[in-house]
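Numbering (this note's numbering), first residue to last: 322 to 552.
The beta carbon of each residue, even a glycine, is placed where N, CA and C say it ideally should be.
Predicted model, so just to flag it, every value in this text is computed and none were measured.
So the structure is just underneath, and the comments pick up after that.
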Ligand SMILES: [Zn+2]
Ligand SMILES: [Zn+2]
């Protein structure tokens, strides 16, 4: 099945202009079978001042989408994109998170990369650096990453070969997502072809950890990358 593991809804992500229902409609129209909602967790969001409420609101937005997606048999999984700013700005996609994990860890955006990675490890969560060479961002320490993302916004996709080379050099898994925030950003497709048996975010993390290769779904067609695996 074809999934897009990187989308943002306006109920949580302040930079998104699409409701969770609009995102699901768009992804279904584009022929996807599923998506992972990866709303932002960033220190400058007023909501993170109250971590308990933050977690409940974050989970409620996902559950609203899940109820809608279920009407169509569209797979809809929980994810999160955490921004760390020390020592430099970087965004991380967390795959395999559950509501319990979010309630327990609420607001990981104040951690270091190493701390974030060890929390992920302890909880079976797969950690991917999102769009690693956007703007001033650079590749982060691969010792504390499981994967890197080929991001399919126009400017991020332009550097996909560098991302693929970094993954191969460091034994990281390549993922791919559209990072959809607006209807007009949908010109370029992005996603992954994954086994139909994946039914939730935890299954997806398990798959990423154990697969021999990942199949990336792009406007240009499907690209397959060997998974050299670091674990
Ligand atoms: Zn955003
Ligand atoms: Zn994003």
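Give a yes or no on whether the minimum CB-CB distance between residue 339 and chain B is below 9 Å. The structure shown contains no chain B, having only a single protein chain.
Quick check on this structure: which residue in 461, 388, 361 and 522 has the alpha carbon closest to the alpha carbon of residue 342? 388
Only counting the same chain, and skipping five residues up and downstream in sequence, which positions put a Cβ closer than 8 Å to that of residue 340? 330, 331 and 332
Are the beta-carbon atoms belonging to residue 448 and residue 420 less than 9 Å from one another? no
Is the stretch 507-518 touching the stretch 366-384 in the sense that three or more CB pairs, one from each, lie closer than 8 Å? no
Leaving out five residues before and five after residue 552 in sequence, what residues of the same chain have Cβ atoms less than 7 Å from its Cβ? Caution is warranted here: a pLDDT of 49 is assigned to residue 552, below 50, making its placement in the model unreliable, and no coordinate value can be reported.
Please look up how many angstroms separate the CB atoms of residue 533 and residue 548, rounded, as I've assumed it's under 8 Å. 6 Å
Any heavy atom of ligand 1 within a distance shorter than 8 Å of the CB on residue 439? no
What does residue 361 pair with, by DSSP beta-bridge criteria? 402
Quick one: grab the DSSP three-state call for residue 476. Secondary structure at residue 476: helix, using DSSP grouped into helix, strand and coil.
Which residue or residues does DSSP assign as beta-bridge partners of residue 412? Partner(s): 404.
N-terminal and C-terminal residue of the alpha helix (DSSP H) that residue 448 is part of: Where residue 448 is concerned, there is no enclosing alpha helix (DSSP H), although the beta strand (DSSP E) it sits in stretches over 447-450.
Beta carbon of residue 358 nearer than 9 Å to that of residue 324: no
Start-to-end residues for the alpha helix (DSSP H) that takes in residue 372: Counted as a single uninterrupted DSSP element, the alpha helix (DSSP H) harbouring residue 372 occupies residues 372-391.
Closer than 8 Å: residue 473 CB and nearest ligand 1 heavy atom: no
Should residue 502 be counted as a contact of ligand 1 given a C-beta to heavy atom distance under 8 Å? yes
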